[in-house]
Structure formats: C-alpha cells, structure tokens
Amino acid sequence: MSYDQIALPDVSGLSVGILGGTGPQGRGLAYRFARAGQRVLVGSRSAERGEQAAQELRELLESGPQGNQDEASVTGGDNEHASQADIVIVAVPWDGHGATLAALAPHLRGRIVVDCVNPLGFDDKGPYPLRVEEGSAAEQAAALLPESRVCAAFHHVSAVLLADPAVAEVDLDVLVLGDDRDAALHVQALAARIAGMRGVFAGRLRNAGQIEAFTANLIAINKRYKAHAGIRVTDL
Numbered sequence: 616m617s618y619d620q621i622a623l624p625d626v627s628g629l630s631v632g633i634l635g636g637t638g639p640q641g642r643g644l645a646y647r648f649a650r651a652g653q654r655v656l657v658g659s660r661s662a663e664r665g666e667q668a669a670q671e672l673r674e675l676l677e678s679g680p681q682g683n684q685d686e687a688s689v690t691g692g693d694n695e696h697a698s699q700a701d702i703v704i705v706a707v708p709w710d711g712h713g714a715t716l717a718a719l720a721p722h723l724r725g726r727i728v729v730d731c732v733n734p735l736g737f738d739d740k741g742p743y744p745l746r747v748e749e750g751s752a753a754e755q756a757a758a759l760l761p762e763s764r765v766c767a768a769f770h771h772v773s774a775v776l777l778a779d780p781a782v783a784e785v786d787l788d789v790l791v792l793g794d795d796r797d798a799a800l801h802v803q804a805l806a807a808r809i810a811g812m813r814g815v816f817a818g819r820l821r822n823a824g825q826i827e828a829f830t831a832n833l834i835a836i837n838k839r840y841k842a843h844a845g846i847r848v849t850d851l
C-alpha cells in the first residue's frame, strides 16, 4: 500500500497545544500549525511568557505571506492552558520532561499526547543520546500518562525552517510511533497539515529510542553540511 492510499482522518477542526511552546521547536510548530489554520494553544512554565509568545505569533501570521489568519487562532498561557487542546505536543527541555508531565497528568487524561523530545547530551565531541530508564522520552511519557494516548513524532524537524515565514514548504517526512493506531493516524494527519510534510507510521512506541537518538546524527549532518536537513522515506 502506498502512502497516498492511506485514509487519514480530518484533523482540521482539532486544537493543538504546545507544552514548551516558547522554545525554538515548540514555537516553530505552533507557527506552522496556526499557519495551516489549526487553533493553537501555546504553553510555557510562565503564563506571561506563553501569552507573549502567542501575541508575537499572531503578529507574525498577520504580517507574513499568508496574512489572513484569525487572530483568535493562537492563544497563550501556562502549560496547563496548552493541556486543554485536543492534541498536545510535548516540546519541553529534557531535564524538565518528567516533572512537567507528572504535574499535568490529570489534565492530559484521554488526550492524544505527542512527544517530540530528544534526550541528548553535549560534550566537546558533539551531541550524543542519553540513556533513559524507560527506554525513551516517549516511553517515559507513556509511563507517566497511563490514561493518555501517547505517540512520538516531530523529532527531526528543523526549528529554523519551521519558524521562517519565507519557507513555503517544509519538505520532509515525520516518523510517527505509537501503540494506539488511531491516535497515530491522527498525528500522521496533523503532520500532513504542514505544507510539504508527510506523517509516516514507523512502529510501536518501544522503538522511539532509536528515533530520538538519531537526532544526534542529524545534528552532525547539519553541522558538517551547514544545512537544515530532515528525513524523507523513499519508495513510499
């Protein structure tokens, strides 16, 4: 079966929350989803920072090439505010990952939660994957959120490309992992809302560790070739 033969659900009416929406990755994803017409809830540890980021995104949307987005499509607040969305993306720093999700578990009950965190360390030789007791950041999320529908995705997307209004299409594939196939289909469809992207199912959550770890290799590629490379799956 080819990618084009897969029937993806319509997610255009679903809201998207970003935990850690003031960081580079979270902010870039918030911009792209708002640009695609999704209602976006930007979260931060500080409600004030979340509100400020949302205001800046609204101004960017109004002044950018699309220029016609409803101002109400982006709101900001603390991470609890972002947890009210239909689909919640986790884009917080790794060192605060566990504590953030544990605190928000009651608010995330029953929701699709998409973890895009890459547990990496850095030394004078460059980035390297950190050992995670649960196996991966996504599996840690699943352990902390037993009543949520946890998936993993958006690990290999350049924050620079996401945030650049001049980039019309973000030309790459998003690898989506999850044990709940319906939730994974919704995440695949959400990825496809961003122009140029495809959401490709890449296995169960237990395989998320190598996806997260590969980000270290991708950083090395981008450093060597001075690029913002992503992943594209061929023959699909």
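Plus 615 on top of the position in the sequence shown (first one is 1) and you've got our numbering.
Cβ atoms here follow ideal geometry from the backbone N, Cα and C, with glycine treated the same way.
query: Using 8 angstroms as the threshold, is the C-beta distance between glutamate 827 and serine 773 below it?; result: no
query: How is the alpha helix (DSSP H) around serine 678 delimited, first residue to last?; result: 662 to 678
query: Which of the three DSSP states is assigned to valine 802 in this structure?; result: helix
query: Would DSSP call leucine 833 helix, strand or coil?; result: helix
query: What residue does the alpha helix (DSSP H) around valine 775 start on, and which one ends it?; result: 774 to 778
query: With a CB to CB cut of under 8 angstroms and the five nearest residues on each side skipped, what residues in its chain are close to aspartate 810?; result: Per the sequence shown, the amino acid found at residue 810 is alanine instead of aspartate. Result list for alanine 810: Ala651, Ala783, Glu784, Val785, in chain order.
query: Is it the case that the region 654 to 663 contacts the region 685 to 700, given that we only count it when at least three CB pairs across the two stretches are under 8 angstroms?; result: yes
query: Taking the alpha-carbon positions, what's the serine 688 to alanine 831 distance?; result: 34 angstroms
query: What did DSSP end up calling alanine 767 once you bin it into helix, strand or coil?; result: strand
query: Under DSSP, the beta strand (DSSP E) around arginine 813 begins and ends at which residues?; result: 812 to 816
query: Beta-carbon within less than 6 angstroms of valine 657's beta-carbon, same chain only, minus the 5 sequence neighbours each way: which residues are those?; result: Ile633, Gly636, Ala645, Gly665, Ala668, Ala669, Gly691
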